[in-house]
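Numbering (my numbering), first residue to last: 595 to 930.
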């Protein structure tokens with residue numbers, strides 16, 4: 595997409611249907627390029643050295659330091675900023691809860707467990723668990739000051755004493771105890787050294803502990819989101835330092851931790867999630883613009899950038915009927 599067309603889209607002059615067509619075209623073009631130049635071996639090497647995460651400040655500014663009021667208008671009741679599960683449900687709130695319940699089941703979390711929610715977002719999982727299982731102790735970790743403040747406030751309002759919230763950079767995790775379960779929801783897509791973080795999490799698990807990871811992924815390809823030019827719109831505004839992992843990515847990093855179970859969730863669930871976010875974005879346009887007036891220099895442009903982001907992701911995850919890009923769930927235990 596040329597700079598001129600991007601400018602038109604950001605100004606609101608290109609309709610939704612054309613933006614989704616463009617998103618599908620760009621996604622298929624990237625797939626063709628990546629298939630020809632498959633650098634998975636090189637990327638696996640990259641993911642085995644250096645810092646755990648790069649551009650953490652940029653990633654925070656792009657997604658997680660946007661005022662929480664915006665996400666209250668766009669996300670569901672639980673403020674789950676990740677894929678929800680639309681099995682036999684229609685509303686975003688019900689879909690959020692369906693996925694949160696699925697985490698509990700697949701992570702094999704029991705009452706009385708010590709649980710680490712690493713990269714906890716707005717606390718959707720932490721608050722869900724803390725409210726329903728008073729004997730589970732939750733440690734929530736985020737690198738966003740807004741998210742930490744929000745979760746603390748919600749825990750205080752609900753009189754939840756079994757949740758502790760800490761602001762930490764994943765590059766400098768200081769976990770002073772071990773956990774029965776570690777849960778990480780859509781955080782590994784922002785990391786650049788899987789070997790190092792998995793080693794760190796292994797030490798943070800009790801001997802019989804388990805690690806549960808939720809990522810979005812491609813069925814085969816792994817590639818980095820890097821700014822190659824000013825037209826690399828998604829990287830520039832929403833995903834600096836990010837990675838698209840392949841479904842089999844964690845098989846390359848088994849060692850002290852091994853995969854004991856793995857599940858796929860069709861990409862249409864994420865497509866429906868993004869569509870629901872977009873509908874809320876439109877429904878609350880005036881309120882969101884009021885928020886953006888205080889946060890962005892160009893509030894209308896940024897309203898449309900978020901619109902383009904939601905539209906692009908809706909189209910992206912619907913490719914090949916949700917079988918091209920989708921969500922992977924992985925359960926690890928310590929190796930014998």
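Yeah, the Cβ is synthetic: ideal placement off N, Cα and C, and Gly gets one too.
DSSP, read as helix, strand or coil, puts residue 662 in helix. Counting only the Cα atoms, residue 677 lies some 11 Å from residue 691. Shortest Cα-Cα distance from residue 603 to any of 896, 908, 924 and 907 involves 896.
The C-alpha of residue 735 lies about 14 Å from the C-alpha of residue 791. Annotated as distal: residue 668 and residue 774, with beta-carbon spacing of 8 Å or more. Annotation: the continuous alpha helix (DSSP H) that includes residue 726 extends over 718–726. Nearest Cα to residue 680 within the set 696, 761, 767 and 724: 696. Assignment of beta-bridge partners to residue 874 by DSSP yields no partner. Residue 853 and residue 804 have their C-alpha atoms roughly 10 Å apart. Taking residue 751 as reference, the option from 784, 724, 912 and 833 with the minimal CA-CA separation is 724. Scanning the stretch 809–868 for uninterrupted alpha helix (DSSP H) segments of 4 residues or longer gives 827–832, listed from N- to C-terminal end. DSSP places residue 882 in the uninterrupted alpha helix (DSSP H) bounded by 879–889. Going by beta carbons, residue 770 and residue 730 fall outside the 8 Å limit.
For residue 683, there is no enclosing alpha helix (DSSP H), since its DSSP letter is neither H nor E. DSSP lists 710 and 805 as the bridge partner or partners of residue 776. Taking a 10 Å sphere around the C-beta of residue 821, we find fewer than 16 other C-beta atoms and assign the residue as exposed. For residue 924, the enclosing beta strand (DSSP E) starts and ends at 919–928. The secondary-structure analysis by DSSP pairs residue 757 across a beta bridge with 732.
Boundaries of the alpha helix (DSSP H) around residue 893: 893–911.
Across the set 664, 877 and 856, the C-alpha of 856 shows the shortest separation from the C-alpha of residue 842. Inside the stretch 600–636, DSSP marks no whole beta strand (DSSP E) run of 3 or more residues. For residue 799, the secondary structure class from DSSP, reduced to helix, strand or coil, is strand.
Just measuring C-alpha positions, the residue of 715, 847 and 634 sitting nearest residue 779 is 715. Considering only 835, 883 and 921, the residue with the shortest C-alpha distance to residue 665 is 883.
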